[in-house]
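Protein sequences appear in the order of chains A and B. Take 0 as the starting number for the first sequence in numbering that gives the first Met the number 0 and just add one per residue. Take 0 as the starting number for the second sequence in numbering that gives the first Met the number 0 and just add one per residue. Okay, structure first, notes after.
Number of protein chains: 2
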Amino acid sequence: MFEKFYSERIKNTPSSFIREILKVTQNSDIISFAGGLPNPISFPQEALKVSMNRIADKYGAKIYQYSTTCGLDSLREHIVNRYKNLWNMDITIDNVIITTGSQQALDLIGKVFINEGDNVMVEKPSYLGLLQVFCLYRANFVTTKLNDDGLDINDLKNTLKTYKPKAAYLIPNFQNPTGLTYTKENREKVFDALKDEDMLLIQDDPYGELRFEDNIRIPYIGLNQTEKNLYLGSFSKIVTPGMRLGYIIANKEIIKMLETAKQASDLHSNIFGQYLISDYLSNNDLDTHIEKIKQLYKEQAGAMVSAMEEYFPQNIKFTKPKGGMFTWVTLEEGKDVLQLFDKAIAKKVAFVPGHPFYINPKTVNTLRLNYTNADSTTIKTGIKRLAEALNEV
Amino acid sequence: MFEKFYSERIKNTPSSFIREILKVTQNSDIISFAGGLPNPISFPQEALKVSMNRIADKYGAKIYQYSTTCGLDSLREHIVNRYKNLWNMDITIDNVIITTGSQQALDLIGKVFINEGDNVMVEKPSYLGLLQVFCLYRANFVTTKLNDDGLDINDLKNTLKTYKPKAAYLIPNFQNPTGLTYTKENREKVFDALKDEDMLLIQDDPYGELRFEDNIRIPYIGLNQTEKNLYLGSFSKIVTPGMRLGYIIANKEIIKMLETAKQASDLHSNIFGQYLISDYLSNNDLDTHIEKIKQLYKEQAGAMVSAMEEYFPQNIKFTKPKGGMFTWVTLEEGKDVLQLFDKAIAKKVAFVPGHPFYINPKTVNTLRLNYTNADSTTIKTGIKRLAEALNEV
């Protein structure tokens with residue numbers, strides 16, 4: 000009825016595949032690995048309740064009033080200190096803008112940088128939320144293959160040479176959807192290939208804090224070596240996603256442009272949530288809290304990997320994640336995961352077919368599994384059901 | 000340094016004029032009528048503190064988890080009931096989407112409807128936040144003059160005939176910046192002129208609840224008479240702006256498209272805030288609270304109007320608002336308000352020059368005054384200073 004009024008950009012943007020799937024899996028006895036929700040254990044509920052009462056008493060009307068577009072200074076200060084300590088970054092709060100979740104960070108970057116037809120390089124597969132929002136800004140996606148150790152360097156060089164992308168969007172830690180992590184060596188090779196190109200490098204890192212195997216943090220690609228790096232982070236997976244608070248760290252001039260875009264987008268992010276998380280960070284040890292989440296996710300990931308090793312047919316490949324929330328399963332070449340999906344639902348287990356993570360997918364033989372929202376026993380039962388479905392396609 | 004990377008849309012979007020002005024007025028003995036903040040009395044702080052503890056106890060992890068894009072059902076239910084009661088609207092929660100403040104409502108509408116070059120009709124002058132965000136979507140603005148009783152009907156007809164706009168954006172109640180309200184008769188004439196045009200009508204109404212003169216609510220333009228109406232509302236001026244919660248009421252098909260755009264923009268709005276306001280509305284009488292705000296604003300508006308009548312030179316015109324937060328001052332034709340601004344700052348009083356409310360302004364002879372954030376004595380002193388400045392230009 001309103002077709003003629005819609006913009007070209009929205010007509011070309013797919014609505015969420017996952018949302019439709021989640022509808023199938025609700026209100027039933029289906030074991031769902033389709034979601035992407037953090038485990039509620041990751042919300043420090045008692046400490047947050049203490050903090051909300053404290054900020055109400057301490058700041059009064061300020062926690063309810065309009066506020067500044069770039070975000071609460073004290074929260075930006077916390078971020079600056081953490082990145083200084085972890086990564087020796089030479090930054091101040093002028094290098095930080097608070098966003099309404101990482102998804103808004105992607106929207107603002109699209110607004111500020113993407114003209115219709117601009118080439119943007121993404122991993123194959125990539126995060127569907129990025130594909131969706133850059134699609135709105137009519138980006139032309141070009142892809143580089145993802146291997147077990149990170150980007151395929153030959154494919155990367157070809158893509159750079161052929162398409163001269165304006166920007167690359169990468170998730171080097173525990174990628175969504177694949178659960179893969181770039182090795183240190185791979186990151187160095189990626190930066191070598193990128194460093195003479197005139198392009199922006201956007202590194203999205205919602206899962207970086209959730210490394211549960213070997214306790215070594217691998218530095219960002221080109222860390223502290225270029226002004227063209229945009230680092231994205233989020234409180235969603237380590238404190239609470241419901242407050243919708245993420246951030247971008249970048250050159251000050253870029254932050255100023257993002258600020259103009261953000262002002263037009265929502266004026267500023269929820270200020271109550273910013274006071275709340277800032278107070279929480281001042282009065283609690285974040286790393287102690289993160290340790291608890293990591294222990295749980297490690298156990299859950301382990302249960303899923305063990306079950307897949309035990310039950311899956313030999314010809315099925317899957318990643319063994321060292322952190323984050325997902326694993327990625329690859330069927331034999333030529334198999335159609337949508338056939339598997341129907342059989343799996345019949346056996347009462349759900350997953351996300353790989354489609355929304357690709358550009359113009361045709362037959363897709365991959366799928367994403369989330370392990371953070373079921374206990375080990377349920378995970379085992381669900382994987383067993385999935386294995387039965389796999390044996391039928 | 001990053002100039003070549005920026006999108007055309009952001010290069011053409013002005014950063015906020017008001018933000019620059021607010022910097023001048025901070026940390027000093029300047030009386031500022033430049034802001035647009037609600038008075039802190041409008042935040043029901045004690046009741047909100049009760050509500051936040053109640054929702055923490057009642058809902059646990061849910062108030063911190065990811066949630067649905069369209070918003071919390073119970074909050075949408077409150078909105079549905081209010082609009083049914085007030086306006087006899089035939090709607091369900093499927094006609095409502097919660098947005099991260101009204102500013103995001105405008106961003107989503109831009110995303111869903113505006114192609115580069117689309118004609119959009121706005122009042123002259125119009126809300127700067129709309130001009131900013133539709134500028135990002137490269138709309139072509141066409142304007143209709145605003146008179147004391149609403150839109151200039153002849154000008155409206157000419158604009159419609161000449162430009163065939165895709166959409167009109169109007170603020171019929173206590174407009175920002177002018178404080179003007181369309182009369183019932185004017186609204187009927189506007190709808191008469193619009194109803195056979197194939198266009199959307201966006202009515203933004205952040206101030207409609209704050210009517211402090213004569214207690215009659217005037218219906219929206221074309222209320223319940225067309226599916227092409229989009230009604231925008233907000234909790235910012237009646238409960239809290241810091242939570243960033245607004246909403247759009249529209250045809251279900253339109254809401255579905257807005258949902259796709261919102262998912263790409265920030266997944267969903269802060270869910271804690273949605274639980275909080277929903278609980279507040281369930282346990283308090285909103286109208287009793289609004290009455291308190293109205294009494295205060297009526298007194299403040301009265302103080303400003305009286306002082307302007309007493310001190311301003313005869314040739315200065317100004318609106319006498321019947322609600323909302325602003326009044327609008329017009330100097331003699333040809334005068335430059337920027338000259339006045341410098342003199343006013345020297346006399347330690349600030350306002351917003353009319354510029355950001357116009358498309359491509361040249362010499363501007365208008366200015367906006369806010370009265371909600373100063374007591375009557377301060378208002379009188381400030382207006383006296385402004386009158387002195389007026390006498391010098």
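Even glycine gets a Cβ: it sits at the ideal position worked out from N, Cα and C. Just so we're clear, the structure is a prediction, and the values are computed from it rather than from any experiment.
Assigned secondary structure, residue i (DSSP; H/G/I helix, E/B strand, else coil)
i: residue 367 of chain A; result: strand
i: residue 139 of chain B; result: strand
i: residue 392 of chain A; result: coil
i: residue 122 of chain A; result: strand
i: residue 1 of chain B; result: coil
i: residue 394 of chain A; result: Chain A is shown from 0 up to 392; residue 394 of chain A falls before or after that span and cannot be answered.
i: residue 302 of chain B; result: helix
i: residue 379 of chain B; result: helix
i: residue 10 of chain A; result: helix
i: residue 158 of chain B; result: helix
i: residue 316 of chain B; result: strand
i: residue 100 of chain A; result: helix
i: residue 144 of chain A; result: strand
i: residue 311 of chain A; result: coil
i: residue 322 of chain B; result: strand
i: residue 362 of chain B; result: coil
i: residue 182 of chain B; result: coil
i: residue 329 of chain A; result: strand
i: residue 284 of chain A; result: coil
i: residue 296 of chain A; result: helix
i: residue 175 of chain B; result: coil
i: residue 269 of chain A; result: coil
i: residue 83 of chain B; result: helix
i: residue 355 of chain A; result: helix
i: residue 89 of chain B; result: coil
i: residue 117 of chain B; result: coil
i: residue 335 of chain A; result: coil
i: residue 341 of chain B; result: helix
i: residue 386 of chain A; result: helix
i: residue 163 of chain B; result: coil
i: residue 278 of chain B; result: helix
i: residue 374 of chain A; result: coil
Beta-bridge pairing of residue i - partner residues as DSSP gives them
i: residue 30 of chain B; result: B:348
i: residue 130 of chain A; result: Residue 130 of chain A pairs with nothing; no bridge assigned.
i: residue 169 of chain B; result: B:202
i: residue 95 of chain A; result: A:248
Burial state of residue i, where buried means 16 or more other Cβ atoms lie within 10 Å
i: residue 243 of chain B; result: buried
i: residue 237 of chain A; result: buried
i: residue 313 of chain B; result: exposed
i: residue 99 of chain A; result: buried
i: residue 216 of chain A; result: exposed
i: residue 203 of chain B; result: buried
i: residue 59 of chain B; result: exposed
i: residue 278 of chain B; result: buried
i: residue 105 of chain B; result: buried
i: residue 80 of chain A; result: exposed
i: residue 333 of chain A; result: exposed
i: residue 47 of chain B; result: buried
i: residue 263 of chain A; result: buried
### Query
For the 8 Å Cβ check, are there 3 or more pairs between the stretch 301-316 of chain A and the stretch 93-106 of chain A?
No, they do not touch.
### Message
Check whether the stretch 263-270 of chain B and the stretch 51-68 of chain B are in contact - that is, three or more C-beta pairs closer than 8 Å.
### Response
The stretch 263-270 of chain B, when compared against the stretch 51-68 of chain B, does touch it at the 8 Å Cβ threshold.
### Query
In chain order, which beta strand (DSSP E) runs of at least 3 residues are fully inside the stretch 188-266 of chain B?
Qualifying beta strand (DSSP E) stretches, in chain order: 199-203, 228-233 and 245-248.
### Task
Tell me, please, whether the stretch 130-140 of chain B touches the stretch 2-18 of chain B by the rule of three or more beta-carbon pairs shorter than 8 Å.
In short, these stretches touch, since the Cβ pair count reaches three.
### Message
Would the stretch 158-178 of chain A count as touching the stretch 201-213 of chain A if we require 3 or more Cβ pairs under 8 Å?
### Response
By the criterion of at least three beta-carbon pairs nearer than 8 Å, the stretch 158-178 of chain A is in contact with the stretch 201-213 of chain A.
### Task
Ignoring anything shorter than 4 residues or poking outside the stretch 34-73 of chain A, list the alpha helix (DSSP H) runs there in chain order.
You should have 44-58.
### Query
Do three or more CB pairs link the stretch 345-361 of chain A to the stretch 243-258 of chain A at distances below 8 Å?
Judged by Cβ distances under 8 Å, the stretch 345-361 of chain A makes no contact with the stretch 243-258 of chain A, as fewer than three pairs qualify.
### Query
Pairing CB atoms from the stretch 366-386 of chain A with CB atoms from the stretch 343-351 of chain A, are three or more of them under 8 Å?
Two segments are said to touch when three or more pairs of C-beta atoms, one from each, lie closer than 8 Å; by this definition the stretch 366-386 of chain A touches the stretch 343-351 of chain A.
### Task
Flag this pair as touching only if the stretch 216-235 of chain A and the stretch 249-256 of chain A have three or more C-beta atom pairs under 8 Å; answer yes or no.
By the C-beta criterion, the stretch 216-235 of chain A is judged to be in contact with the stretch 249-256 of chain A, since at least 3 inter-stretch pairs fall below 8 Å.
### Message
Would you call the stretch 271-289 of chain B in contact with the stretch 108-115 of chain B, where contact means no fewer than 3 C-beta pairs closer than 8 Å?
### Response
Fewer than three Cβ pairs drawn from the stretch 271-289 of chain B and the stretch 108-115 of chain B lie within less than 8 Å of each other, which leaves the two stretches out of contact.
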